[in-house]
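In this note's numbering, the protein residues as written are 1 to 75. This report refers to the structure that appears directly beneath it.
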């Protein structure tokens, strides 16, 4: 996973890597909460983070510039 995160960081650069990681954390958290609520996973279960890094990368590639513009308007 560290290799994947490093590779994505080199491909995207700053500040796009921040968007990708934030999107990965959000999607991972949402999926984790859904799995716990549906009793498919327990609180102590491990969920692989690699697929969520790929999802965050895809979100950043498709909508990164728009997300960055919104982010700059909010700050």
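C-beta atoms are modelled at their ideal positions from N, C-alpha and C, and glycine is treated no differently. Note that the coordinates shown come from a computational prediction; the quantities given were computed from them, not determined experimentally.
Coarse secondary structure for residue i, derived from DSSP in three states
i           : result
residue 71  : helix
residue 116 : Absent from the model: residue 116. The displayed extent of the chain is 1 to 75, so no value can be given.
residue 56  : helix
residue 76  : The structure shown does not extend to residue 76, since the chain spans only 1 to 75, so no value can be given for it.
residue 3   : helix
residue 15  : coil
Environment of residue i [buried if 16+ CB atoms lie within 10 Å]
i          : result
residue 74 : exposed
residue 34 : exposed
residue 64 : buried
residue 70 : exposed
Residue i versus the options, residue with shortest Cα-Cα distance
i          : options       : result
residue 54 : 43, 68 and 27 : 27
Proximity below 8 Å, CB of residue i to CB of residue j
i          : j          : result
residue 56 : residue 11 : no
residue 1  : residue 50 : yes
residue 60 : residue 23 : yes
residue 68 : residue 19 : yes
Exercise. Would you call the stretch 31 to 44 and the stretch 6 to 18 in contact, with 3 or more CB pairs under 8 Å?
Worked result: no
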